[in-house]
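To start, the structure under review is shown below, and the notes come after it.
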Amino acid sequence: MNRYLIGPAFCALFALVQPHAVAAKDPVTPSPVSEAELRESIAVMASDDFGGREPGTPGETKTIAYIAKEFSKAGLVGAADAAAGWLAPVDLVETGPGASAFSLASPDDKPRLIGGKALLAKDDGISFYSAAPSREVVFDGIVELGSDDEPATDLADKLVILAAGDDLRTTMAEVTRLAERKPAAVLIAVGDQAAFDRATSWVGRSRTTLASQAEEGKDAITGFVTGDALNAIDQAVGRDARGGFVPTKGTIATRNTVRDYTSYNVIAKLPGRDPASGAVMFTGHWDHLGTCRPEGAPDRICNGAVDNASGIAVLIAVAKRLAQMGPFDRDIYFVATTGEEKGLLGAYALSENPPVPLDRIAVALNIDTIAIAPRDAKVAIIGRGKTDLDPAIEHVAHTLGRSIERSDEANAFIRRQDGWALAQKGVPALMVGGSFSDMKLLEFFLSGDYHGPGDELTDATPLGGAAEDADLHVALGAYFADTETYRAKPKD
Ligand SMILES: [Zn+2]
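Read in order, the letters of the sequence shown correspond to residues -23 to -1, 1 to 469 in mature numbering (1 follows the signal peptide of the UniProt record, and there is no 0).
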């Protein structure tokens, strides 16, 4: 028999028969998610052994291995790449301030001495910062801005000196506005050494970005200077009164430390019967802050039990139940993201390189910081009113006997969670649950243990609401993955 002859006909027949054969399977009623199940999972991820799950550390290796193993036990398949791998690489760049130098001369001039020195650096009370790996700019004059700043004053290629206000954030916002006038650099006069130390440690923290989004160094160089250092510069340029313009050239150089490393999103799939009908996606971030306190502190590890070991525990519990109940019509993706704490970086990487075209995602549900409320909390929606899915979600919540929070207060958090990265690209991305329906409870956490060593798993960690929300996500997954209950098809 020629298999090429019979193959297509057999396949066509099989395709016709298969959905009915699967549909005839007895529907599985999943067991409710219990507090004990979530507690066991959170205890692993929020243990000191996992070190606070910082990307690029041994804690990441343990975390992503644990999640992939749990997804595998649930019966999901890896969906990070064509080879059914679990791990999607996310290339990150960590930039920290290295060194900066200031001189009163352009590169081909002889430097003018400042208090006996040709170059001033941080130890001398002057320090500059840029987002780019390294910069060197020549300024063509010094302008000190007083309260009488005229927007018409030409700041292009000048070193602009600005007095610090009471609030550094306000001053930095002013720097951002001044940057539009293309100064070579803005130097903030902060006063004494203590103020200088505060400002430089605040601005000089390291920051992490996606390698694909690394800055090209178009920002204005920003610096801080003590009163003493500024006086020395004034003397060197012969400036006796503050204000006005001094036509002197100089050079500012900055160099950052740069660390490239790769972190990973964990991507799993419960294959559907009819992938052409689209996909449902669950997300939750696995990362947290790692070692977050200085040496000698009584507890140095930010374990992130609530933020967001609780969300990953729920993601795993939901995956296990949907896998027992499935397959459904649509594919269901489960994505544990990295780098949320560094600015939703794993979610942005996911949106740049998704396992399924974004316009085929019927709904994306993010699960974050879910161990907040006891049972019987109302169901709130982050993203309420932003999609046409609210009625469907309320319908599913009602079938579980849940009541609905009808205010859109929770939308205050819409940009502070991974779903935002997907929503910006047009994906119907929501967070649904009881942990943000009572703002007092949420604020109690956010103003307390949040992002500190106190976010640990204890007997008092409320898991009842998380278990109930896990059941809700099982029901939502089943509802949206079924083309009968949720008909809307992603556009072709
Ligand atoms: Zn966080």
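We put the CB at the ideal spot given by N, CA and C, even for glycine.
Discussion item. Can you tell me whether residue 394 is buried or exposed? The criterion is at least 16 other CB atoms within 10 Å of its CB, across all chains shown.
Written reply: Position 417 of the sequence shown, counting from 1, holds the residue named residue 394. With a 10 Å radius around the Cβ and a threshold of 16 neighbouring Cβ atoms, residue 394 comes out buried.
Fill in: Inter-residue Cα distance where the pair is residue 342 and residue 406
Counting from 1 along the sequence shown, the entry for residue 342 is found at position 365. Counting from 1 along the sequence shown, the entry for residue 406 is found at position 429. Taking the straight line joining both Cα atoms gives about 6 angstroms.
Discussion item. Given this structure, state the Cα-to-Cα distance separating residue 37 from residue 31, to the nearest angstrom.
Written reply: By one-based count along the sequence shown, residue 37 stands at place 60. By one-based count along the sequence shown, residue 31 stands at place 54. Spanning the two alpha carbons is a distance of roughly 6 angstroms.
Worksheet entry | Beta-bridge pairing of residue 269 - partner residues as DSSP gives them | Residue 269 sits at position 292 when you count from the first residue of the sequence shown. Answer by DSSP bridge pairing: none, since residue 269 is not bridged.
Practice prompt. Take residue 450 as the anchor and find which of 117, 464, 292 has the nearest alpha-carbon.
Written response: Sequence index remark: in the sequence shown, residue 450 carries index 473 (1-based). Of 117, 464, 292, the smallest CA-CA separation from residue 450 is found for 292.
Fill in: ligand 1 site residues, beta-carbon cut 6 angstroms against heavy atoms
A distance filter of 6 angstroms between CB atoms and the heavy atoms of ligand 1 selects the following residues in sequence order: 284, 318, 428.
Worksheet item: What does a CB cutoff of less than 7 angstroms around residue 297 pick up in its chain, not counting 5 residues either side in sequence?
Response: To locate residue 297, count along the sequence shown from 1; it is residue 320. Result list for residue 297: 51, in chain order.
Discussion item. DSSP three-state label for residue 454, please.
Written reply: Here residue 454 refers to the residue found at position 477 when the sequence shown is read from its first residue. Note: residue 454 maps to helix in three-state DSSP.
Discussion item. Short of 6 angstroms in beta carbon distance, which residues of its chain neighbour residue 323, apart from the five on each side in sequence? Order them along the chain.
Written reply: By 1-based counting over the sequence shown, the position of residue 323 is 346. These residues qualify, in order along the chain: 67, 242, 314, 315, 316.
Discussion item. Using only the alpha-carbon positions, how far apart do residue 250 and residue 443 sit?
Written reply: Counted from its first residue, the sequence shown places residue 250 at position 273. Counted from its first residue, the sequence shown places residue 443 at position 466. The C-alpha of residue 250 lies about 30 angstroms from the C-alpha of residue 443.
Worksheet item: What do you reckon, are the CB atoms on residue 108 and residue 130 nearer than 9 angstroms?
Response: Along the sequence shown, one-based indexing puts residue 108 at 131. Along the sequence shown, one-based indexing puts residue 130 at 153. Judged by their CB atoms, residue 108 and residue 130 are not nearer to each other than the 9 angstroms cut-off.
Worksheet item: Identify the residues that DSSP records as bridge partners of residue 39: which are they?
Response: Indexing the sequence shown from 1 puts residue 39 at position 62. In the DSSP assignment, residue 39 forms no beta bridge with any residue.
Worksheet item: According to DSSP, is residue -3 helix, strand or coil?
Response: The count along the sequence shown starts at 1 and reaches residue -3 at position 21. Note that residue -3 has pLDDT 41, beneath the 50 cutoff, so the model's placement of it is unreliable and no number is given.
Worksheet item: How is the alpha helix (DSSP H) around residue 342 delimited, first residue to last?
Response: Locating residue 342 in the sequence shown gives position 365, where the first residue counts as 1. Where residue 342 is concerned, there is no enclosing alpha helix (DSSP H), although the beta strand (DSSP E) around it starts and stops at 338 to 343.
Discussion item. Taking 8 angstroms as the limit between beta carbons, can you name the residues of its chain near residue 269, skipping five residues before and five after?
Written reply: Residue mapping note: residue 269 aligns to position 292 of the sequence shown, counting from 1. Excluding sequence positions up to five before and after residue 269, its CB lies within less than 8 angstroms of the CB of 29, 277, 278, 279, 428, 429, 430, all in the same chain and listed in chain order.
Worksheet item: Can residue 366 and residue 340 be called in contact, C-beta distance under 9 angstroms?
Response: Sequence index remark: in the sequence shown, residue 366 carries index 389 (1-based). Sequence index remark: in the sequence shown, residue 340 carries index 363 (1-based). Yes, Cβ-Cβ distance for residue 366 and residue 340 is below 9 angstroms.
Worksheet item: Taking the C-alpha atoms as reference points, what is the distance between residue 91 and residue 118?
Response: On the sequence shown, residue 91 is found 114 positions in, with the first residue counted as 1. On the sequence shown, residue 118 is found 141 positions in, with the first residue counted as 1. Answer to the nearest angstrom: the Cα atoms are 16 angstroms apart.
Discussion item. Between residue 355 and residue 411, how many whole angstroms is the CB-CB distance? I'm expecting something under 8 angstroms.
Written reply: The residue given as residue 355 occupies position 378 in the sequence shown. The residue given as residue 411 occupies position 434 in the sequence shown. Taking 8 angstroms as the upper bound for CB-CB distance, residue 355 and residue 411 are in contact here, some 6 angstroms apart.
Practice prompt. Might you give, ordered along the chain, the residues of its own chain that have their beta carbon closer than 7 angstroms to the beta carbon of residue 231, omitting 5 neighbours on each side?
Written response: The residue you call residue 231 lines up with position 254 of the sequence shown. For residue 231, where only same-chain residues beyond five positions count, the Cβ hits under 7 angstroms are 77, 105, 106, 107, 111, 112, 198.
Item to complete: Could you check how far apart the C-beta atoms of residue 260 and residue 396 are, in whole angstroms? I think they sit under 8 angstroms.
Response: Taking the sequence shown and counting its residues from 1, one reaches residue 260 at position 283. Taking the sequence shown and counting its residues from 1, one reaches residue 396 at position 419. Yes, residue 260 and residue 396 are in contact; Cβ-Cβ is about 7 angstroms, under 8 angstroms.
Item to complete: Assign residue 27 to one of three DSSP states: helix, strand, or coil.
Response: Translated into positions along the sequence shown, residue 27 becomes position 50. Of the three classes helix, strand and coil, the one that applies to residue 27 here is helix, per DSSP.
Discussion item. If the criterion is Cβ atoms closer than 9 angstroms, does the pair residue 229 and residue 201 meet it?
Written reply: Walking along the sequence shown from the start, residue 229 turns up at place 252. Walking along the sequence shown from the start, residue 201 turns up at place 224. Cβ atoms of residue 229 and residue 201: not closer than 9 angstroms.
Discussion item. Taking 8 angstroms as the cut-off, does the segment 283 to 290 touch the segment 366 to 386 (at least 3 CB pairs, one atom from each stretch)?
Written reply: Contact fails: fewer than three Cβ-Cβ distances are below 8 angstroms.
Item to complete: Starting from residue 308, follow the alpha helix (DSSP H) in both directions and report where the run begins and ends.
Response: Translated into the one-based positions of the sequence shown, residue 308 becomes position 331. According to the DSSP assignment, residue 308 belongs to no alpha helix (DSSP H) but to the beta strand (DSSP E) extending over 308 to 314.
Fill in: As assigned by DSSP and simplified to three states, the class of residue 388
On the sequence shown, residue 388 is found 411 positions in, with the first residue counted as 1. Secondary structure at residue 388: helix, using DSSP grouped into helix, strand and coil.
Worksheet entry | Residues bridged to residue 91 [DSSP beta-bridge criterion] | As a working mapping, residue 91 is identified with position 114 in the sequence shown. Paired residues: 94.
Worksheet item: How long is the line joining the alpha carbons of residue 236 and residue 41, rounded to whole angstroms?
Response: As a working mapping, residue 236 is identified with position 259 in the sequence shown. As a working mapping, residue 41 is identified with position 64 in the sequence shown. Taking the straight line from one Cα to the other gives about 21 angstroms.
Fill in: Rounded separation between residue 272 and residue 223 - CA only
Translated into positions along the sequence shown, residue 272 becomes position 295. Translated into positions along the sequence shown, residue 223 becomes position 246. C-alpha separation (whole angstroms): 46 angstroms.
Worksheet item: Alpha carbon to alpha carbon, how far is residue 338 from residue 462?
Response: Locating residue 338 in the sequence shown gives position 361, where the first residue counts as 1. Locating residue 462 in the sequence shown gives position 485, where the first residue counts as 1. Residue 338 and residue 462: Cα-Cα distance of roughly 16 angstroms.
Practice prompt. List the DSSP bridge partners of residue 236.
Written response: By one-based count along the sequence shown, residue 236 stands at place 259. Looking at the DSSP output, residue 236 sits in a beta bridge with 71.
Item to complete: Inspect the beta-carbon positions of residue 385 and residue 409 and report whether they are closer than 9 angstroms.
Response: Taking the first residue of the sequence shown as position 1, residue 385 is located at position 408. Taking the first residue of the sequence shown as position 1, residue 409 is located at position 432. Remark: C-beta atoms of residue 385 and residue 409 do not approach each other more closely than 9 angstroms.
Worksheet item: According to the Cβ coordinates, are residue 120 and residue 136 closer than 9 angstroms?
Response: Counting from 1 along the sequence shown, the entry for residue 120 is found at position 143. Counting from 1 along the sequence shown, the entry for residue 136 is found at position 159. Yes, they are a contact pair.
Fill in: Sequence-distant residues of its chain with Cβ nearer than 6 angstroms to residue 344 (five each side left out)
Taking the first residue of the sequence shown as 1, we reach residue 344 at position 367. Setting aside the 5 residues that flank it on each side, residue 344 is surrounded in the same chain by 261, 288, 291, 292, each with a C-beta closer than 6 angstroms to its C-beta; the list follows chain order.
Worksheet item: Near residue 398, what residues of its chain come up, given a Cβ to Cβ distance below 6 angstroms and the 5 sequence neighbours on each side ignored?
Response: As a working mapping, residue 398 is identified with position 421 in the sequence shown. Cβ contact annotation for residue 398 (same chain, cutoff 6 angstroms, sequence separation greater than five): 321, 324, 325, 328, in chain order.
Discussion item. Considering only the alpha carbon of each residue, which of 348, 94, 191, 148 lies closest to residue 212?
Written reply: One-based indexing of the sequence shown puts residue 212 at position 235. For the residues 348, 94, 191, 148, the minimum Cα distance to residue 212 belongs to 94.
Worksheet item: Would DSSP call residue 372 helix, strand or coil?
Response: Here residue 372 refers to the residue found at position 395 when the sequence shown is read from its first residue. Three-state DSSP puts residue 372 in a helix.
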